[in-house]
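So the mapping is simple: our numbering equals the position in the sequence shown, first residue as 1, plus 20. Here a beta-carbon is modelled for each residue, glycine too, at the ideal position from N, C-alpha and C.
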Amino acid sequence: MIALSGVTIHQGAFSLCDVSFDVAEGQYAVLMGRTGSGKTTLLEAICGLRRVAQGSIRLMGRDVTRLRPAARGVGYVPQDGGMFSRLTVREHLGFALAIRRWPRHAIQRRVDELAERLGLEHLLDRRPYGLSGGEVQRVALGRALAMRPGVLLLDEPLSALDEDTRAEMHDLLRAVQHETRVTVLHVTHNRSEACRLADLVLELRDGQVQPSGTPPGRCANAEPPCGDSFARKVRYHEG
Numbered sequence: 021m022i023a024l025s026g027v028t029i030h031q032g033a034f035s036l037c038d039v040s041f042d043v044a045e046g047q048y049a050v051l052m053g054r055t056g057s058g059k060t061t062l063l064e065a066i067c068g069l070r071r072v073a074q075g076s077i078r079l080m081g082r083d084v085t086r087l088r089p090a091a092r093g094v095g096y097v098p099q100d101g102g103m104f105s106r107l108t109v110r111e112h113l114g115f116a117l118a119i120r121r122w123p124r125h126a127i128q129r130r131v132d133e134l135a136e137r138l139g140l141e142h143l144l145d146r147r148p149y150g151l152s153g154g155e156v157q158r159v160a161l162g163r164a165l166a167m168r169p170g171v172l173l174l175d176e177p178l179s180a181l182d183e184d185t186r187a188e189m190h191d192l193l194r195a196v197q198h199e200t201r202v203t204v205l206h207v208t209h210n211r212s213e214a215c216r217l218a219d220l221v222l223e224l225r226d227g228q229v230q231p232s233g234t235p236p237g238r239c240a241n242a243e244p245p246c247g248d249s250f251a252r253k254v255r256y257h258e259g
């Protein structure tokens with residue numbers, strides 16, 4: 021569950037004032053809005069990277085407004101994937117666990133599990149340079165999911181992908197969400213993407229978040245959000 025109540029954020033000359041909205045536990049919500057409207061700012065506030073001047077943020081029933089990012093139980097995928105050039109794919113997948121001081125054998129087990137289920141086994145010893153856009157997003161997704169968060173925040177994760185890779189990632193994201201029941205807030209400009217993925221479509225307009233008039237899953241030419249064959253291929257059981 022994601023619940024913002026009266027949230028105000030100041031960022032230089034830009035502000036968001038008195039923003040409130042709810043995403044139910046287990047929902048896949050998509051947030052849309054014009055460039056510069058503050059979508060990324062909201063995601064950063066939810067995961068603790070942006071200070072909230074007023075209001076409250078509750079995640080999975082907890083007030084996390086003043087908690088540090090690592091204490092919020094959130095997985096975050098930034099728009100560019102946020103890769104560290106010196107880390108291998110293996111090290112990226114284990115990053116959140118290492119900083120939480122998981123035992124080495126537990127990290128290795130979780131990394132192997134993520135790599136198998138996201139199709140990254142052959143890339144584990146590679147560094148980010150030379151990875152395709154789809155591979156980068158799979159690594160970023162795996163890193164965000166490593167600690168089994170209750171909330172997953174995605175900032176335009178598919179914007180740089182070609183059409184075929186984007187369609188594959190649609191299926192992957194929906195399959196992962198279906199299996200884990202993680203609550204998702206996904207930012208995009210692409211209405212077709214929203215239709216294919218979302219249980220709930222929200223729109224940030226004039227500083228306020230409101231339900232969109234576009235019914236999820238009913239856009240013209242939108243494919244089903246999760247193909248059965250791909251879902252079976254990427255079965256994502258919690259360990």
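Beta-bridge analysis with DSSP links residue 225 to 228. Looking at the DSSP output, residue 95 shares a beta bridge with 172. Under a 10 Å Cβ-count criterion, residue 175 is classified as buried, with 16 or more other Cβ atoms of the shown protein chains found around its own Cβ.
In its chain, beyond the 5 residues on either side, 97, 101, 177, 178, 181 and 189 have a beta carbon closer than 8 Å to the beta carbon of residue 157. About 5 Å separates the beta carbon of residue 222 from that of residue 51, a gap short enough to meet the 8 Å contact definition. Exclusion of the five residues before and after residue 84 leaves 77 and 92 as the residues of its chain whose Cβ lies within less than 6 Å of its Cβ.
Collapsing the DSSP output to three states places residue 50 in a strand. For residue 159, the closest alpha carbon among the candidates 209, 141 and 231 is that of 141. A check of alpha carbon separations from residue 155 across 25, 108 and 167 identifies 108 as the nearest. Rounded to the nearest angstrom, the Cβ distance from residue 173 to residue 37 is 21 Å, too far for a contact under 8 Å. Rounded to the nearest whole angstrom, the C-alpha separation of residue 111 and residue 205 is 26 Å.
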